[in-house]
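Numbering (the working numbering), first residue to last: 34 to 621.
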RNA sequence: GGGCGCGUAGCACAGCUGGAUAAUGCGUCGGCCUCCUAAGCCGAAGAUCGCGGGUUCGAAUCCUGCCGCGCCCGCCA
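Written out as structure tokens, the structure reads:
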């Protein structure tokens, strides 16, 4: 509870001085209490023990006896070497009700402008529909975009379109050379396209990509195909506009289909940047020239060029190749050009990348440093596996996000249908969609990015206590209360709040509210959305306790103090849910 | 073989800038709808924090060795 810190410091300073503690280092030692029942902030006294020649618990007691209660802090206790400070319930209630806790806006409509960030995420090859594995990137990235906005940062959400290179070339080649019949014959043994997605171009065109991959493994056909694809790749890398255009015609409908899926998850982008831009505008050539003049530059036998990053602390394989023997650039080279361009857009960069990109990202980062640029921040995430093993678009061993969302909607709808028989079909469908998509998002967000996990349908579709619907449900309770209050009373402008009687569960809610932005700051500062997901669960949980004990409406009359607290919780739940991409329904 | 990451109750997951009785959910067991939406609430049982050493007044947290899992080690993207 950072809002309490200045008051604690004010109290502690003279007491420490009296005991003979010198220096200022104690300020950093004040930390959130481990035991919530003990306090909001605590000062461990172990470090003073040696200096003063006293036992830690004695130090804590001595300090306690020298510190008076204040308006803000009414509970100071010492236990086992800790000095604990607990906020005054009345003061906290007044503080919260007065609107001192910043609510924020995840849509970014009112940035405080303290910091601007460009967040690049997803950037998936436009060769087929999203599966759950690829979608982890989009969900983490978009959540980070939302949380940064909620925190007040100005954010640009950016998608790097891989519009050149082998993957698109394969797709373009297949679309130009294979008929529908041929594709169907080649993929006879594969599962057919789910009829629901028959007309969705990402699901349709991926079959051409898959068919081409099968043919590329056919020894007889391989040589000719490889030759043709290779020629296209090289043309694209040399900036051949005809080829680049044919690539775009091949992938654009696929990309559009992919973005449609993301839009259903409320994931949108501010800007799309094509990889080919940096080849055609000359940036890549220029950078390769600069790299050649570096002292860690090296040349291989066939003329390929690299940097020896071992000299900059890279372990393992230290040669980083940025130019092929034939003079063309590599993906990483273009990525460096892209980063330098991104730095012209924004001074803070964040990338969301799969763990397989760790080495590459390190190489790009070190090279950027070599050229005088700073490193981007990177959020790495582990892969989502299936119980049967790794997911692979190429092999068709995947769970499509489109299928997951349909299933989520359908299951959520049947729950609604069951417990709210009075709702119309339209209402049920709308709630089912909101709950289903929110639950899918949340179940991915709540897991720490560096933990790999196995996708299981029942878990992805879990609507239990630590899930999006749990949070959504608390919010609907807030809304329901607010609506009833509006009906009772047109809300006079003169309201007297009672800060003398604060029930325990209301105090607990106030404490969670008071820490809300601490958690947001941490989640944003460390790029860890799961921390804020956890905070929202705590908030919903605390609200449920408050709801149980503190009746806002009793005997037809409104308790204005309770109502005010409920409204603050409601705002924070709503903005927080938007920060996670969860839909804040008012009814469910 | 080398590099990076992970390993916490039956399952899942938090805590890891060292600090108090290791938090939460699922599952299990037991309670709560004449009371603002029970997708809820309350209670109980359940953990040698992968294993062994080290640093420290104090280690789930830092260091080190081992074991297990994942990712990477292309003039691919």
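We put the beta carbon where it would ideally sit given N, CA and C, even for glycine.
- Rounded to the nearest whole angstrom, the C-alpha separation of residue 169 and residue 415 is 9 Å.
- In the three-state reduction of the DSSP assignment, residue 583 falls in the coil class.
- Ranked by Cα distance from residue 360, the first of 242, 332, 220, 82 is 332.
- Taking the CA atoms as reference points, residue 223 sits about 13 Å from residue 237.
- Under the DSSP definition of a beta bridge, residue 518 lacks any partner.
- The C-alpha of residue 301 lies about 16 Å from the C-alpha of residue 610.
- At least 8 Å separates the beta-carbon of residue 514 from that of residue 452.
- Of all C-beta pairs linking the region 48-60 to the region 80-98, three or more are shorter than 8 Å, placing the two stretches in contact.
- For residue 433, the beta-bridge partners assigned by DSSP are 164.
- Per DSSP, reduced to three states, the secondary structure at residue 297 is helical.
- Beta-bridge annotation (DSSP): residue 487 is paired with 418.
- In this structure residue 204 is in contact with residue 160, their Cβ atoms being roughly 5 Å apart against a cut-off of 8 Å.
- For residue 190, the enclosing beta strand (DSSP E) begins and ends at 187-194.
- Following the DSSP letters along the chain, one finds residue 372 inside the alpha helix (DSSP H) bounded by residues 364-378.
- Taking the C-beta atoms as reference points, residue 284 is found nearer than 8 Å to residue 201.
- With respect to the 8 Å criterion, residue 507 and residue 576 are classified as neighbours on the basis of their beta carbons.
- With a cut-off of 8 Å on Cβ pairs, the region 181-190 is in contact with the region 137-153, counting three or more such pairs.
- When beta bridges are read from the DSSP output, residue 237 appears opposite no residue.
- Straight through space, the alpha carbons of residue 582 and residue 536 are spaced by roughly 8 Å.
- When the Cα atoms are used, residue 348 and residue 80 turn out to be separated by approximately 38 Å.
- Sixteen is the threshold: when 16 or more other Cβ atoms of the shown chains lie within 10 Å of the Cβ of residue 270, as they do, the residue is buried.
- Distances from the alpha-carbon of residue 534 to those of 85, 76, 75, 125 put 125 closest.
- In the assembly as shown, residue 350 is an exposed residue. Its beta-carbon has fewer than 16 other beta-carbons within 10 Å.
- In the DSSP assignment, residue 307 falls outside any alpha helix (DSSP H) and within the unbroken beta strand (DSSP E) covering 304-307.
- In the DSSP assignment, residue 149 forms a beta bridge with 187.
- At the C-beta level, residue 579 and residue 539 come within 8 Å of one another.
- Under the three-state reduction of DSSP output, residue 481 falls in the coil class, being neither helix nor strand.
- The beta-carbon separation of residue 355 and residue 342, rounded to 11 Å, does not stay under the 8 Å limit for a contact.
- It is roughly 53 Å from the alpha-carbon of residue 328 to the alpha-carbon of residue 570.
- One thing to note: residue 366 has its Cβ within 8 Å of the Cβ of residue 321.
- Ranking 590, 389, 190, 230 by CA distance to the CA of residue 291 puts 230 first.
- Boundaries of the alpha helix (DSSP H) around residue 549: 537-558.
- Short of 6 Å from the beta carbon of residue 419, and not among the five residues preceding or following it, lie these beta carbons of its own chain, in chain order: 488.
- Sorting 411, 156, 282, 215 by C-alpha distance to the C-alpha of residue 303 places 156 at the top.
- DSSP links residue 612 through a beta bridge to no other residue.
- Apart from the 5 residues on each side of it in sequence, residue 484 sits with its Cβ closer than 8 Å to the Cβ of 415 in its chain, given in chain order.
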